[in-house]
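Visitor: Those letters in the sequence shown? Residues 742 to 998, by the numbering used here. Structure provided below as structure tokens; questions to follow.
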Amino acid sequence: MGPGGPERFERTGIMTKNFAHRGYSGKYPENTMLAFRKAVEAGADGIELDVQLTRDGEPVILHDEQVDRTTDGTGWVKDLTLAELRKLDASYLYAGQYGLNPVPTLREYCEFIRDLPVITNIEMKTGVFEYPGMEKKVWDMIREYRLEEKVIISSFNHYTILRMRELAPALKYGFLSETWIIDAGKYCHEHGVACYHPMFRSLTQEAVAELKQYGLEINTYTVNTEEDVRDLAAKGIDAVIGNFPEMARDVLASLQS
Ligand code: G3P
Ligand code: MG
């Protein structure tokens, strides 16, 4: 583990963690094994990634419901078999720079992360298609790789979260929100969800106070500037999820001195 690892926080008392959004996506192709490896090398405490299902039911890591933006292919993830998807190059903006970067399977990621002291924030990408059965497939994989203590499951689709919690009540869950929710702490608390994952601009002092009143863990996205990392650390936010984990690591380290 690099200088940004979890042990740093134990030594210093600074609580804010540094999660890499879609891996180290500010410098490498998002949601690829390269971006995940680089995030770990950059000292990220956690990695956020997006999961969907292929036509033949394999959990794969990709943000958009269509492959068009981030790969050299076209079409919906849900309409492609794993074999078809794996032929694509997900290097997109970085095509040719880092060789071929296939769309990772969740299994491939789990193999990589299983023994590393890194948290994985699995975002269930069920906002457009609900991918029936995905909750069980993801849970089975978490169990197989013994990742129970090292995952946070989040989704913009809060029904997905409640369904998965039925299967796996001991895991940590978070409601994602891209808007300014009133009484978000109360809402999460009433649904028995431990984490709130809002877009960071909605985290006013008042909102943070309300969330803390309910004891919620606050993990916020997408935090890409030094100023915002500082501001959120000062507010006592639990984790900043951003595209530049090396920058966030350095800013958080500088706050200790
Ligand atoms: O999980 C945080 C963040 O990834 C949510 O938004 O669209 O980047 O998946 P998005
Ligand atoms: Mg995401």
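Built from N, CA and C at the ideal position, the CB exists for glycine as well.
Are there 16 or more other CB atoms within 10 angstroms of the CB of ASN984, so buried, or fewer, so exposed?
Guide: buried
Visitor: Quick one: is the Cβ of TYR962 within less than 7 Å of any heavy atom of the ligand G3P?
Guide: Indeed, a heavy atom of the ligand G3P lies less than 7 Å from the Cβ.
Visitor: Under a three-way DSSP split, which group does HIS938 fall into?
Guide: strand
Visitor: Any chance the CB of GLU864 is under 7 Å from a heavy atom of the ligand SAH?
Guide: In the structure shown, the ligand SAH is absent; the only ligands present are the ligand G3P and the ligand MG.
Visitor: When the Cα atoms are used, what is the spatial distance from THR963 to VAL869?
Guide: 21 Å
Visitor: Whole beta strand (DSSP E) runs in the region 802–880 with 3 or more residues, listed along the chain?
Guide: 860–865
Visitor: Kindly indicate which residue of ILE902, PHE853, THR795 has the alpha-carbon position closest to the one of PRO687.
Guide: This structure cannot settle anything about residue 687, because the visible part of the chain is limited to 742 through 998.
Visitor: Using a Cβ-based criterion (distance less than 7 Å to any ligand heavy atom), does HIS932 qualify as near the ligand MG?
Guide: no
Visitor: Report yes if the C-beta of HIS899 is less than 7 Å from at least one heavy atom of the ligand MG; otherwise report no.
Guide: False, no ligand heavy atom lies under 7 Å from that Cβ.
Visitor: Answer yes or no: the CB of ILE982 versus the heavy atoms of the ligand G3P, is any distance below 7 Å?
Guide: yes
Visitor: HIS762 by DSSP, collapsed to three states: which one?
Guide: For HIS762, the secondary structure class from DSSP, reduced to helix, strand or coil, is strand.
Visitor: Ignore the nearest five residues each way along the sequence and tell me which others in LEU841's own chain have a CB closer than 6 Å to its CB.
Guide: So the list reads ASP830, once near-sequence residues are dropped.
Visitor: Cβ of ASN759 within 8 Å of Cβ of VAL981?
Guide: Yes, Cβ-Cβ distance for ASN759 and VAL981 is below 8 Å.
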